[in-house]
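Residues 429 to 985 (the working numbering) are what the sequence shown spells out, left to right.
Quick reminder that beta carbons are idealized off the backbone N, C-alpha and C, glycines included.
What follows is a short report on a single structure.
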Amino acid sequence: MKKTLFALFIFCTTTMSFAQKTAKAIKVTYQRSYNGKISENQDALLLFASKDLSLVTSDKITQQKADLPFEQTFVDFNSKTILQWAQLKANKSILGQDSEALGKQKFEFSNETKKILNYTCKKVTTSVNSNKIEIWYTNELGLKGGPSILGQDLGLVLETNRNGNSIVSASKIEILKTVPAILKIPAVQTVDQLTYKDLLWKSRFTNISVFEKEQINFSSDSKSNDSILRFASGTIIVRKVKFPEIKNGSAIFVDVTQQSNGDAYDRTGSVFMIPMDKKSSFLDGLKNGAKTLPVYENGNGKKYQGVTATDEYAPLLELMRFFTPFGVKHFNYLQLKNKVWQDSVFYRQDISLLQPKLSNQEVYIGMFIGNYDAGGHKASLNISIHEGEDNNEKGDFILPLFNTLNVMEMAGQDYATMFDNEKGLEMTFEVPQGYKNFKLSYTTTGHGGWENGDEFLQKKNSIFIDGKEVFAFTPWRTDCGSYRLSNPASGNFGNGLSSSDLSRSNWCPGTTTNPNLIDLGNLSPGKHTIRVSIPMGKPEGTSSSAWNVSGFLVGER
Numbered sequence: 429m430k431k432t433l434f435a436l437f438i439f440c441t442t443t444m445s446f447a448q449k450t451a452k453a454i455k456v457t458y459q460r461s462y463n464g465k466i467s468e469n470q471d472a473l474l475l476f477a478s479k480d481l482s483l484v485t486s487d488k489i490t491q492q493k494a495d496l497p498f499e500q501t502f503v504d505f506n507s508k509t510i511l512q513w514a515q516l517k518a519n520k521s522i523l524g525q526d527s528e529a530l531g532k533q534k535f536e537f538s539n540e541t542k543k544i545l546n547y548t549c550k551k552v553t554t555s556v557n558s559n560k561i562e563i564w565y566t567n568e569l570g571l572k573g574g575p576s577i578l579g580q581d582l583g584l585v586l587e588t589n590r591n592g593n594s595i596v597s598a599s600k601i602e603i604l605k606t607v608p609a610i611l612k613i614p615a616v617q618t619v620d621q622l623t624y625k626d627l628l629w630k631s632r633f634t635n636i637s638v639f640e641k642e643q644i645n646f647s648s649d650s651k652s653n654d655s656i657l658r659f660a661s662g663t664i665i666v667r668k669v670k671f672p673e674i675k676n677g678s679a680i681f682v683d684v685t686q687q688s689n690g691d692a693y694d695r696t697g698s699v700f701m702i703p704m705d706k707k708s709s710f711l712d713g714l715k716n717g718a719k720t721l722p723v724y725e726n727g728n729g730k731k732y733q734g735v736t737a738t739d740e741y742a743p744l745l746e747l748m749r750f751f752t753p754f755g756v757k758h759f760n761y762l763q764l765k766n767k768v769w770q771d772s773v774f775y776r777q778d779i780s781l782l783q784p785k786l787s788n789q790e791v792y793i794g795m796f797i798g799n800y801d802a803g804g805h806k807a808s809l810n811i812s813i814h815e816g817e818d819n820n821e822k823g824d825f826i827l828p829l830f831n832t833l834n835v836m837e838m839a840g841q842d843y844a845t846m847f848d849n850e851k852g853l854e855m856t857f858e859v860p861q862g863y864k865n866f867k868l869s870y871t872t873t874g875h876g877g878w879e880n881g882d883e884f885l886q887k888k889n890s891i892f893i894d895g896k897e898v899f900a901f902t903p904w905r906t907d908c909g910s911y912r913l914s915n916p917a918s919g920n921f922g923n924g925l926s927s928s929d930l931s932r933s934n935w936c937p938g939t940t941t942n943p944n945l946i947d948l949g950n951l952s953p954g955k956h957t958i959r960v961s962i963p964m965g966k967p968e969g970t971s972s973s974a975w976n977v978s979g980f981l982v983g984e985r
């Protein structure tokens with residue numbers, strides 16, 4: 429009896445082994461886990477494999493429920509080629525191929541084995557971007573494949589373990605009688621790997637190109653056209669931009685690429701939106717002159733145009749404050765030993781707070797670089813929208829309050845010297861019903877470029893709401909020397925320092941200035957007063973200090 433059972437066992441084992449080795453194709457379902465907990469909300473990862481080809485995909489793709497863009501990975505074992513197919517849009521897909529990556533995989537082999545779904549698996553380890561990867565594969569099915577491209581040429585990968593805590597493991601194996609139709613490389617446009625990655629990345633977000641290498645200079649020859657409006661002798665450029673609907677929770681970024689086109693100096697730059705929801709706007713001032721803008725007076729005898737909100741006017745809503753370096757690109761011929769100058773400067777800032785002002789709106793977006801040079805600067809401006817998952821229309825409240833940056837400097841707008849008395853900058857604003865958790869976005873930089881100018885002195889900024897101080901700090905940057913390679917035309921001093929090295933009042937040549945997000949709590953509906961106080965230095969001869977401050981109020985519904 430024992431011999432009969434043993435013979436039967438041998439027969440069954442042999443039959444199973446034979447079936448496994450002659451299987452035409454398989455389907456493997458993988459599950460993900462992290463720190464021992466299965467990821468329940470992630471779509472199932474699927475592998476289809478035949479003798480010649482494998483396909484890594486997701487269950488949502490096979491069910492045609494995947495969001496765009498999505499991609500699938502094929503491995504051709506005959507040519508040792510990895511092919512990645514991406515569906516970018518409903519009518520656009522691309523195929524990238526890499527004939528080297530599979531052969532470049534290096535593994536450390538082990539004698540360790542373990543059973544996964546009753547198949548004996550061998551272990552190898554490798555390292556990817558400083559991550560230790562354990563790969564468990566089996567040769568008992570006679571096919572190759574895996575949940576990623578790693579280890580696919582070794583056999584059938586049933587588990588990968590990254591850093592001991594992130595595991596992708598086979599939960600089900602199905603032996604297919606025929607090769608499924610999905611195991612076929614799509615006949616679409618083929619691109620190189622770098623192009624493939626770039627197109628796939630760009631398809632994941634919306635990019636709005638506002639300006640592309642536009643000249644911002646000081647010249648009477650600067651003229652507007654059908655697309656771009658130019659003001660203040662060419663130092664301001666403005667364009668009307670249509671934004672799509674932007675979901676709450678989305679990330680919005682503004683970025684600028686800038687280089688000198690002849691101007692050697694560090695200049696104030698600003699990216700802004702022109703609010704058009706009041707009777708008059710800053711655009712009226714651009715068209716008709718700074719003196720036509722509403723005037724703010726603080727008792728010092730001067731008139732400051734267009735800097736504070738009124739019942740019938742909203743000031744510029746600043747998206748980004750940046751500062752050009754000393755002559756990057758144009759003056760790169762000024763060589764210093766062991767200094768390789770940058771070709772341009774890239775500035776990028778998160779403006780997601782302003783989603784309510786941009787979503788599904790057509791708005792005027794502008795950029796300013798103050799200069800008096802005929803060559804000036806070249807600059808590009810993009811706004812990218814990275815979709816979030818929050819569909820709840822909260823309707824946050826955004827109210828531009830003040831902006832003392834004299835964007836129309838080259839058209840006669842006065843410098844922000846209103847901080848020369850106790851009143852400083854003071855204005856009233858109104859809070860509507862139904863909002864809470866108010867915050868003030870406050871951007872500040874000090875100016876006055878001589879030894880005793882406020883550019884180089886630490887000055888306390890104090891903000892008062894209804895007479896009570898709610899925030900105070902001393903804006904100061906000590907890291908300006910980090911950006912020396914963007915400043916080829918910077919002046920050099922006898923003590924070995926460069927001008928671009930010097931610490932400044934919240935800015936450095938070649939950087940952005942981050943806004944402060946100040947928590948104001950729950951402001952009651954109705955009118956309130958805000959005051960900004962800065963102990964600005966007194967003029968010396970023809971030199972004077974100024975403070976460029978901008979602020980807008982944010983409230984949650």
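Identity of the residues DSSP links to residue i by a beta bridge
i, result
"E790", "K670"
"R460", "V596"
"P828", "F980"
"K867", "D947, V982"
"R749", "S698, T941"
"I454", "A477, I603"
"D649", "None, per the DSSP bridge assignment."
"C549", "K542"
"W975", "G874"
"L853", "V960"
"V682", "Q777, I811"
"G954", "V859"
Whether residue i touches residue j by CB criterion (7 Å)
i, j, result
"G697", "I797", "yes"
"W935", "F754", "no"
"Q770", "L586", "no"
"P614", "A742", "no"
"S647", "G662", "yes"
"Q406", "K757", "Past the edges of the chain, shown from 429 to 985, lies residue 406, and the structure says nothing about it."
"T871", "T941", "yes"
"S961", "G881", "no"
"G579", "I601", "no"
"V898", "F830", "no"
"L473", "L611", "no"
Rounded straight-line distance, which links the Cα of residue j to that of residue i
i, j, result
"S869", "L745", "11 Å"
"P703", "F659", "17 Å"
"L925", "L885", "18 Å"
"G862", "L951", "11 Å"
"L833", "R776", "20 Å"
"F633", "S772", "24 Å"
"G840", "A718", "7 Å"
"S708", "G816", "34 Å"
"P784", "S978", "19 Å"
"K767", "T906", "21 Å"
"V723", "E850", "19 Å"
"N810", "I680", "11 Å"
"S555", "I561", "6 Å"
Opening and closing residue of the beta strand (DSSP E) in which residue i lies
i, result
"A477", "473–478"
"L586", "584–590"
"F659", "657–659"
"I891", "889–893"
"F710", "F710 -> not in any beta strand (DSSP E); alpha helix (DSSP H) instead, spanning 710–716."
"S914", "That residue, S914, is in no beta strand (DSSP E); it is neither H nor E in DSSP."
"I811", "805–814"
Other residues of its chain near residue i: CB distance less than 6 Å, five sequence neighbours each side excluded
i, result
"V699", "V682, L747, M748, M795"
"S594", "Y462"
"V596", "Y458, R460, P575, T588"
"A902", "Strictly speaking, residue 902 in this sequence is Thr, with Ala absent from that position. Once the five neighbours on either side are set aside, the close Cβ partners of T902 are Q886, K888."
"K955", "T856, E858"
"G919", "S927"
"G464", "none"
"Y547", "T566, E568"
Close beta carbons around residue i, own chain, < 8 Å, minus the five adjacent residues each side
i, result
"E790", "K668, V669, K670, F671"
"V607", "K452, A453, S478"
Same chain only: Cβ atoms within 7 Å of residue i, ignoring 5 sequence neighbours per side
i, result
"L604", "K452, A453, I454, K455"
"G583", "Y565, T566, N567, K572"
Alpha helix (DSSP H) segment containing residue i, residue limits
i, result
"W629", "621–630"
"I577", "Premise fails: I577 is in no alpha helix (DSSP H) and is neither H nor E."
"I489", "487–490"
"A529", "529–532"
7 Å Cβ cutoff, residue i in contact with chain B
i, result
"I891", "Within the model displayed, chain B is absent; a lone protein chain is all it includes."
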